[in-house]
Amino acid sequence: MAEAIVVASCPEIYHDKVAAACKQSGFQKAFGKLGDMVDSLSGKDWVAKWEAKVVMAAVTKAETLGTARAKILCLQGGKYCDQEFQRQPALVRAIKTEMRDETFRVSVEWLEIEDFRDLVSRVLSEAGGKDKD
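Note that this note's numbering numbers the sequence shown so that position 119 is 119, with each residue one more than the last.
What follows is the structure, given as structure tokens:
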């Protein structure tokens, strides 16, 4: 069964390359950068805005794929990694609540940029192999 893969956190220095990799590999992008649309929303609590964006991205991707699993990927090294890391339990609960399914499986994985690049290469390689069948 496919799983919904959502990239929720990315250091700003990698933003454009990781966004392109998400598009290429079919991962859902839920990270942003200073000055983006989410940043422009009223209110000072960026964490709540970030959580809402990640939850909706995970739910939408899972429903589109018809899957009961989501993997949230966070790339280490960003300015707010520690704060985002602390929100993992609440993020998982919010996704399960929004899915209305306590059995919906959610994992959160923190990766170095090199590990993310390796993952994207594997996904693209596997997709290429499937196209040839």
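Where a beta carbon is used, it is the ideal one built from N, C-alpha and C, also for glycine. Since the structure is predicted, the reported quantities are computational estimates derived from the model, not experimental observations.
Which one of the options has the shortest CA to CA distance from residue i?
| i | options | result |
| --- | --- | --- |
| D16 | A8, G26, G32 | G32 |
| T64 | A4, E114, E112 | A4 |
| K49 | D101, K61, E84 | E84 |
| V18 | S125, E114, R87 | E114 |
Tell me the residue span of the beta strand (DSSP E) that contains residue i.
| i | result |
| --- | --- |
| R100 | Looking at the DSSP string, R100 is not in any beta strand (DSSP E), and its letter there is neither H nor E. |
| A8 | 4 to 9 |
DSSP puts residue i in a beta bridge; with which residues?
| i | result |
| --- | --- |
| L213 | This structure gives no information on residue 213, because the portion of the chain shown stretches from 1 to 133. |
Cβ of residue i within 8 Å of Cβ of residue j?
| i | j | result |
| --- | --- | --- |
| W110 | Q76 | yes |
| V54 | I72 | yes |
| V106 | V123 | no |
| V108 | C81 | no |
| A139 | T67 | Nothing can be reported for residue 139, as the shown portion of the chain is limited to 1 through 133. |
| A57 | A30 | yes |
Could you tell me which whole alpha helix (DSSP H) segments of length 4 or greater appear in the segment 14 to 91?
Counting only runs of at least 4 residues, the segment 14 to 91 fully encloses the following alpha helix (DSSP H) elements, listed from N- to C-terminal order: 15 to 25, 37 to 40, 46 to 65, 81 to 86.
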